[in-house]
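*Asks:*
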Amino acid sequence: MDLVLCHTTADFDALGAAVGLCVLRPGSRIVLTGGCHPTVRDFLALHRDEYPLIERRSVNPQRIRSITIVDASQRDRLGKAAEWLDLPQVSEIAVFDHHLQADLDIPATVTQIEAVGASTTLIVEKLKNQAENSDTPFRLLPSEATVMALGIHVDTGSLTFEGATARDAMALAWLMEQGASLGVIAEYVEPGLSPQLQDLLREALNNLRSETLHGYSLAWVLLSTESYVPGLSSLASRLLDLTETDALLLGNVYKFGENENNRNIAPESPVSNRLTIIGRSRIEGTNLSELFKPLGGGGHARAASLATRDVDPLLTLNQLADELKTQIPHPPTARELMSSPVRSIRPETSVGEAHRILLRYGHSGLSVVDSGDRLAGIISRRDIDIALHHGFSHAPVKGYMTPQLKTIAPDTLLPEIESLMVTYDIGRLPVLENGQLVGIVTRTDVLRELHQQKARDRGSNAEFSNCPVPESVEQLLRSRISPELWQLLSIAANIAQNRGWQLYIVGGAVRDLLLATDDTLALTDIDLVVDGKCGSDDSGAGVELASSLQKLYPESRLDIHGQFQTAALLWHKDSAFGSLWVDIATARTEFYPYPAANPEVEASSIRQDLYRRDFTINALAVRLGVPRSGELLDFFCGLLDLESKQIRVLHANSFIEDPTRIYRAVRFAVRLGFEIEPQTEGYIRNALASGIYYRIQGENGRAPALETRLKSELKYILQAPYWKVALQMLGDLQALRCIHPSLELDRELWRQLRLLDRCLNGRKKEGSATDYVTDVTDVTDVNEVRKKEEGRGKKKEGRGKKEQTIPTSQFPIPNSQFPIPDAQSPMPNSPFPIINIPDWQMRLEVLIAYLAPEYRGKVAANLQLPADSIKRLEVLEAGKNELAENLPKCELPSQLVLLLRNYEFPVLIAIALQSPRSARRQIWEYLTRWANVEPPLNGNDLKALGYKPGPGFKRMLDDLLAARLDGDLGDRAAAISFLAQRYPQT
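Taking my numbering, the leading residue of the sequence shown gets 1109, the next gets one more, and so forth.
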């Protein structure tokens, strides 16, 4: 275990330096050795889960490998943790400090003590140097950059203290580039006040008027001075912080009678004074700039000022306060913020089982309910970790849970929730309705809402990310889809709202909406998610909503999948909707019992539903229906990835759990013209190199993700216009090993695929066999392929449209009883026979045929290909060997035809692709010249000539065909003469 120690009563500089060191040394844990400053405590009350903190009592001293001390160089500043410095197994002790005057009494092996304004600056310089010399893109998380910037700001007085240096300034500048949040910094930095401002602060505190509205506190005060006072904005900010007020109007009236321009105005006149008002607001939806504009003021939505004269100061301030009250929106309630249903356990559940549940669902705590489903307590991950550390895995959780709980009601407002969390350092608040646990609000829920409030305020810099948020997604959606589809979504949203549910449009439709450049978006596949409890029907909210919609739209077809709590409404060639698929699901979480398994799903919240998705760009949702209709949910910064044109996975184990996501990553990257983000590509390569898929197949006998789900992804790719680029990318990633461990896209396999492509394209034009025999040696490099193919793929595809299926191949199996419905009739005068197999399947069979013969049938069966496809692949090697022996013996066309007509055309094509050029030429010649040649006479002609039907007809027709192929027959008369000579009638 590698530890980073902060001194007792840790300040922001110690915390910021410690967080930076954990970035430099992944896996390190931060120990606050003895409490922290009040502002740091308040900061961690909301943001603790974003940093790798561990409690001192949870540390096993025998497992400590290295210790790093920040912002301190003396043992007595480390409290009881100083004992760890003497442990024999500790191999390294490092000290990073900026207090030159302190005597170092720590047995350090590495020291860096330099004259800078903050210890954090030393760590930031190391991070900056690493970023500049790294071969891969490097970027801090906004939360990391922010806490480090806070450390420098606080210890340098925002670069105003005497000890501040240019190095501190450069470190701050780099942290701003990395996404440090100015709004959060401003919230926790405390600038000093001049003596005059300190006097005014005391006066303001004594005369402050305040009122609470919708859970927000509004305050206003009027100060009187003899003259203008500089620095009132700092006074307003300090007053806002000290009173914990959400909005403040600070007025200052002062005489200006001594001004030479106003000597004739009497000092005692109520309108002979100048009035300055400073406004500050933390309330989303308020706009101080608009409030002050009629009086000549302005600024930003949350910070503005005005200066006026010839008005009644007190009356003006009161009027502005009343107008500000009208701007205050109704804040979100616990019902809107909470996650539901709540994962709960019984008091008798063992600590070990609770730990397993936390791992399975990724929660940081669990609610404990009694036999009557009444809340009995909460146990956090920290509680469980400590119990496990002491060896109590079999003990019941009731001995470690927190029984005395702060709870809230569904209508509790966000400001009150935030206040409870900060005041009592609570990470989660249960929501009770009529004594029953109906939901839980966590720090994450509160932080997400606060972030989204700040992000929606486009004038605010208080953002923890750089993700842009469109002003109105609802207006964007409504303007780009048909009125009929908008009406359908509105009706669905109203039904959901009447049942107390929230409805969201999620996934690809949101992604394509934000990417679309056309005014019209043709959506043919829409995913809706219902976030709400199931009713009396076990099928869930999604199924119930779909059933209600189907009654209003009886022309649609309803498909229900109760196991997954999903339903679908389908329209086919409808006059209003065309061909439309609307999938409606209950918000779910999923768990993979083993890698490449089918997931187990359970009802959950919208956040968990989005977290289970494949990539950040597909984990976007738009709220439908009030309140906050059109709100964009972007928990994982998918918008930033859309702007950056990159495919990024949501978590490191994503490809271990579902290998088909590798194929989807490639498909989206090529289709959208994006790049796979470097770390995501690393996850792909690590998953493939681990061999986990083949190990699981060996242990469990099967891996469902590598069966029909993999076939579906292969179909999507191999039928797309961009299949060549996508296949080359899969080959570069060595992802074809998902089909079989030995399958790689080498030069020979690529040559066969290109030959097949020429063959399939040959149906569109006439040409000689030479066109399909020539070896394909060009375009073997992926970059060359992309240059040639990407442009064509993008022109055909276009953003915002569902992927289109390439028309079926013109090569159906002869005499097929089940022709593909969409197959087009063969081209007039086409020399090619008809083969009724889709192009994508032909390409897939070529991939499988490249494997050793003993694997082909097994792989095809594993992918659940059709029975005839499996059979073809199983007999391919025998046919190849037979033709290799007999083709050289065929000197006449009739011999060639009589040999090859016993094989299905797809088998012949597969054999040709693997055969030498001479054999390939013969097969192509058969396919393009001789396969469709028929005898000059048919069975009816034979009967008309007086021959009796029977087995002899076949011999006669075969002889006629052979004679025609070999050029021995000319017209019909010659054929009749030929029969008379060969088969005279008695």
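Even glycine gets a Cβ: it sits at the ideal position worked out from N, Cα and C.
Run through DSSP, which three-state label would residue 1234 get?
*Replies:* By 1-based counting over the sequence shown, the position of residue 1234 is 126. Residue 1234: helix per DSSP, three-state reduction.
*Asks:* According to DSSP, is residue 1820 helix, strand or coil?
*Replies:* Taking the first residue of the sequence shown as 1, we reach residue 1820 at position 712. Of the three classes helix, strand and coil, the one that applies to residue 1820 here is helix, per DSSP.
*Asks:* Residues in its own chain within less than 8 Å of residue 1543 by CB, not counting five upstream and five downstream?
*Replies:* Counting from 1 along the sequence shown, the entry for residue 1543 is found at position 435. Result list for residue 1543: 1482, in chain order.
*Asks:* Work out the CA separation of residue 1614 and residue 1731 for me, nearest whole Å.
*Replies:* Here residue 1731 refers to the residue found at position 623 when the sequence shown is read from its first residue. Here residue 1614 refers to the residue found at position 506 when the sequence shown is read from its first residue. Their backbone Cα atoms lie some 9 Å apart in a straight line.
*Asks:* Which of helix, strand or coil does DSSP assign to residue 1069?
*Replies:* The requested residue 1069 does not occur in the structure, where the chain is confined to residues 1109 to 2094.
*Asks:* Could you give the uninterrupted runs of the beta strand (DSSP E) lying entirely in the region 1767-1804, keeping only those of 3 residues or more?
*Replies:* Runs of the beta strand (DSSP E) inside the region 1767-1804: none found.
*Asks:* Assign residue 1949 to buried or exposed, taking buried as 16 or more other Cβ atoms, counted over all protein chains shown, within 10 Å of its Cβ.
*Replies:* Against the sequence shown, residue 1949 aligns to sequence position 841. Classification for residue 1949: buried.
*Asks:* Is the beta carbon of residue 1284 sitting closer than 9 Å to the one on residue 1253?
*Replies:* Mapped onto the sequence shown, residue 1284 falls at position 176. Mapped onto the sequence shown, residue 1253 falls at position 145. Yes, Cβ-Cβ distance for residue 1284 and residue 1253 is below 9 Å.
*Asks:* Quick one: complete alpha helix (DSSP H) runs, 4+ long, within the region 1441-1468?
*Replies:* 1442-1445, all fully within the region 1441-1468.
*Asks:* Pull up the CB-CB distance for residue 1503 and residue 1459, whole angstroms please, since I reckon it's below 8 Å.
*Replies:* The residue you call residue 1503 lines up with position 395 of the sequence shown. The residue you call residue 1459 lines up with position 351 of the sequence shown. At roughly 5 Å, the Cβ-Cβ gap stays under 8 Å, so residue 1503 and residue 1459 are in contact.
*Asks:* Tell me, to the nearest whole angstrom, how far the beta carbon of residue 1692 is from that of residue 1746; I am working on the premise that it is less than 8 Å.
*Replies:* Within the sequence shown, residue 1692 is the residue found at index 584, counting from 1. Within the sequence shown, residue 1746 is the residue found at index 638, counting from 1. Rounded, the Cβ-Cβ distance is 22 Å, inconsistent with contact.
*Asks:* Just verifying my parser: in three-state terms, what is the DSSP assignment at residue 1536?
*Replies:* Here residue 1536 is taken as the residue at index 428 of the sequence shown, counted from 1. Strand.
*Asks:* Are there 16 or more other CB atoms within 10 angstroms of the CB of residue 1915, so buried, or fewer, so exposed?
*Replies:* Counting from 1 along the sequence shown, the entry for residue 1915 is found at position 807. With a pLDDT of 33 at residue 1915, under the threshold of 50, the predicted position of this residue should be treated as unreliable, and no value is reported.
*Asks:* Tell me, to the nearest whole angstrom, how far the beta carbon of residue 2080 is from that of residue 2044; I am working on the premise that it is less than 8 Å.
*Replies:* Position 972 of the sequence shown, counting from 1, holds the residue named residue 2080. Position 936 of the sequence shown, counting from 1, holds the residue named residue 2044. That pair is a contact at about 6 Å.
*Asks:* Among the candidates 1986, 1841 and 1516, whose CA atom is the shortest distance from the CA of residue 1797?
*Replies:* Start at 1 with the first residue of the sequence shown, and residue 1797 comes out as number 689. Answer by Cα proximity: 1841.
*Asks:* Counting only the same chain and skipping the five closest in sequence on each side, list residues whose C-beta sits under 6 Å from that of residue 1390.
*Replies:* For this step, residue 1390 is matched to residue 282 along the sequence shown. Excluding sequence neighbours, residue 1390 sits near 1354.
*Asks:* Output the distance between the C-alpha atoms of residue 1790 and residue 1360, rounded to the nearest integer angstrom.
*Replies:* Within the sequence shown, residue 1790 is the residue found at index 682, counting from 1. Within the sequence shown, residue 1360 is the residue found at index 252, counting from 1. Looking at the two C-alpha atoms, the distance is approximately 60 Å.
*Asks:* Hey, how far is the Cα of residue 1902 from the Cα of residue 1169?
*Replies:* Residue numbering aside, residue 1902 sits at position 794 when the sequence shown is read from its first letter. Residue numbering aside, residue 1169 sits at position 61 when the sequence shown is read from its first letter. Bear in mind that a pLDDT of 43 at residue 1902, under 50, signals an unreliable position, so the number given afterwards is only what the model happens to contain. Roughly 59 Å between the two C-alpha positions.
*Asks:* In three-state terms, what does DSSP make of residue 1550?
*Replies:* Taking the first residue of the sequence shown as position 1, residue 1550 is located at position 442. The answer is strand: DSSP assigns residue 1550 an E or B state.
*Asks:* Considering only DSSP beta bridges, list what residue 1504 is partnered with.
*Replies:* Along the sequence shown, one-based indexing puts residue 1504 at 396. Paired residues: 1458.
*Asks:* So, does the region 2017-2028 touch the region 1951-1959, judging by three or more C-beta pairs under 8 Å?
*Replies:* The answer is yes - the region 1951-1959 touches the region 2017-2028, with three or more Cβ pairs under 8 Å.
*Asks:* For residue 1251, which three-state DSSP category applies?
*Replies:* As a working mapping, residue 1251 is identified with position 143 in the sequence shown. Residue state, collapsed to three classes: helix.
*Asks:* With which residues is residue 1176 paired in a DSSP beta bridge?
*Replies:* On the sequence shown, residue 1176 is found 68 positions in, with the first residue counted as 1. Bridge partners of residue 1176: 1112 and 1202.
*Asks:* Following the continuous alpha helix (DSSP H) through residue 1610, name the residue where it begins and the one where it ends.
*Replies:* Residue mapping note: residue 1610 aligns to position 502 of the sequence shown, counting from 1. No alpha helix (DSSP H) holds residue 1610; the beta strand (DSSP E) holding it covers 1610-1614.
*Asks:* Is the number of C-beta pairs between the region 1509-1520 and the region 1420-1430 that are closer than 8 Å three or more?
*Replies:* No: the two stretches stay apart, fewer than three of their Cβ pairs being nearer than 8 Å.
*Asks:* Span of the beta strand (DSSP E) holding residue 1679?
*Replies:* In the sequence shown, counting from the first residue as 1, residue 1679 sits at position 571. Residues 1674-1682.
*Asks:* If you draw a straight line from the alpha carbon of residue 1936 to that of residue 1617, how long is it in whole angstroms?
*Replies:* Mapped onto the sequence shown, residue 1936 falls at position 828. Mapped onto the sequence shown, residue 1617 falls at position 509. Low local confidence applies: a pLDDT of 34 at residue 1936 is under 50, so the model's placement there is unreliable, and no value is given.
*Asks:* Restricting to Cα atoms, I'd like to know which of 1347, 1382, 1345 and 1351 is closest to residue 1363.
*Replies:* Along the sequence shown, read from residue 1 onward, the residue named residue 1363 stands at position 255. Minimum Cα distance to residue 1363 is reached at 1382.
*Asks:* What's the C-alpha gap between residue 1410 and residue 1430?
*Replies:* Your numbering for residue 1410 matches position 302 in the sequence shown. Your numbering for residue 1430 matches position 322 in the sequence shown. Those two C-alpha atoms are separated by around 17 Å.
*Asks:* What do you reckon, are the CB atoms on residue 1723 and residue 1753 nearer than 9 Å?
*Replies:* In the sequence shown, counting from the first residue as 1, residue 1723 sits at position 615. In the sequence shown, counting from the first residue as 1, residue 1753 sits at position 645. Going by C-beta atoms, residue 1723 is not nearer than 9 Å to residue 1753.
*Asks:* Check this for me: beta carbons of residue 1749 and residue 1725, under 9 Å apart or not?
*Replies:* The sequence position of residue 1749 within the sequence shown is 641, counting from 1. The sequence position of residue 1725 within the sequence shown is 617, counting from 1. The answer is yes: Cβ separation under 9 Å.
*Asks:* Since residue 1983 sits in a beta bridge, which residues does DSSP pair it with?
*Replies:* Here the question's residue 1983 lines up with position 875 in the sequence shown. Beta-bridge pairing links residue 1983 to no other residue.
*Asks:* Give me, in chain order, the residues of the same chain whose beta-carbon lies closer than 6 Å to that of residue 1772; leave out the 5 immediate sequence neighbours on both sides.
*Replies:* Here residue 1772 refers to the residue found at position 664 of the sequence shown. Hits under 6 Å: 1722.
*Asks:* For a test of the three-state rule: what should DSSP assign to residue 1056, helix, strand or coil?
*Replies:* Nothing in the structure corresponds to residue 1056, since the chain is present only between 1109 and 2094.
*Asks:* State the beta-bridge partners of residue 1363 as determined by DSSP.
*Replies:* Against the sequence shown, residue 1363 aligns to sequence position 255. DSSP output for residue 1363 lists 1381 as bridge partner(s).
*Asks:* I need the DSSP call for residue 2084, collapsed to helix, strand or coil.
*Replies:* Counting from one through the sequence shown, the residue named residue 2084 turns up at place 976. Of the three classes helix, strand and coil, the one that applies to residue 2084 here is helix, per DSSP.
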